[in-house]
Amino acid sequence: MSKKANKIVLEAGYVRSVLVGVTARADFTETPALKYAIDLAANCGASLTLYVFAPRSIAWLGATVAPSAWAEHEIEKCRRATSATTLAASELVSGERIDLITEQANSPFEPRGERFVHLARTHDLAILDAALDTDLEGHALIEDTLFDSGRAVVVVPRNGGTAVPHRIAVAWDGSARAARAVKEGLPFLATSELVVLVTITGEKDLSRMAPGAELAAYLVRHGVKDCKLATLAGAGGDVATCIRLFVAEEDIQMIVMGAFVHSRFREAILGGVTRSLLDASPVPLLLAH
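Take 7 as the starting number for the sequence shown in the numbering used here and just add one per residue.
What follows is the structure in structure tokens.
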């Protein structure tokens, strides 16, 4: 399928608005998520909304400084940083024919992800950088967006990824969350050259799951050119490593999967496979819940 055809199908696949978030920094440079979002918006003719989060560090000025003066100092510092980052990021978009909308945090004391989650609800897709293992705020932001926005989230690893992937793996266990991820991923799936439905055995009871063959037929009806089934042995319980090895061996460029959480109280922790892939996915990860 040609790049032109890819673009047409992506546009038909309802990707009209893309949201990306970056954190304000004095020395801001293009992040993997921002590059991915720019490439995606340019390819499918979508608008791009850039949201700049407040800097993460808040400096205490000492006991001799009044709390109100300290708060004003931090708010002003935040505004300078977010404004500078917004300008730097906007310049990276200026060379593309993209309708850019920008918004920035004005205070470091606001709930970090609240506004981003609200914006995600009125966009087709939210894009964020992968968080480091020790980055609790980064993980919380991804989880808040995933579980509270009602939208899919693409998490872009530090090594980046292609915005129009030609080879995609779908982690399929027949669950409602996996089905939701497939639906949210259709704009990407329909433009790919190959979709592999990956089922892992040995991890859970799959006797009552919707067969992968039925999902393959569904995807073909939505324009997927080539859809294959792959069953991998997950003996030992390290499903995430099993998926990562498959991705490397088959030159997969995106993983589509449903996000699993252990209980109705989201704070309980994400499922082990979801968390492991969020920590170390070799390719962009499209998650839905």
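All C-beta atoms in this analysis are idealised placements derived from N, C-alpha and C, irrespective of residue type, glycine included.
Item                                                                                                                           : Value
Buried or exposed (CB count within 10 angstroms, at least 16 for buried), N165                                                 : exposed
Segment contact, 8 Å Cβ cut-off, at least three pairs: the segment 48-56 with the segment 19-28                                : yes
S198 in three-state terms, based on DSSP                                                                                       : coil
Identified DSSP bridge partners for F59                                                                                        : T29
Burial state of S287 (16 or more Cβ within 10 Å)                                                                               : buried
Residue closest to Q110, alpha-carbon to alpha-carbon, out of F59, G119 and A75                                                : F59
Inter-stretch contact at 8 Å, needing at least 3 Cβ pairs: the segment 77-97 / the segment 141-161                             : no
Residue nearest to L221 in terms of C-alpha spacing, selected from V99, C50 and S181                                           : S181
Residue nearest to Y224 in terms of C-alpha spacing, selected from L192, V253 and T205                                         : L192
A294 versus Q259 - alpha carbon distance                                                                                       : 18 Å
Endpoints, beta strand (DSSP E) assigned at D135                                                                               : L131 to D135
First and last residue of the uninterrupted beta strand (DSSP E) at T108                                                       : L106 to Q110
Nearest to R31 (by Cα), restricted to the options I174, A43, G167 and R85                                                      : R85
Contacts around A43, its chain only, beta-carbon distance under 7 Å, and the 5 residues preceding and following it disregarded : V24, V26, L54 and I133
Distance between beta carbons of A239 and I279, contact taken as under 8 Å                                                     : Here residue 279 turns out to be Val, not Ile, going by the sequence shown. Actually they do not touch by this definition, with Cβ atoms about 15 Å apart.
Integer Cβ distance of R127 from G156, believed to fall under 8 Å                                                              : 6 Å
Beta-carbon spacing of L147, A137 below 9 Å                                                                                    : yes
Strand pairing of C233, partner residues [DSSP]                                                                                : V201
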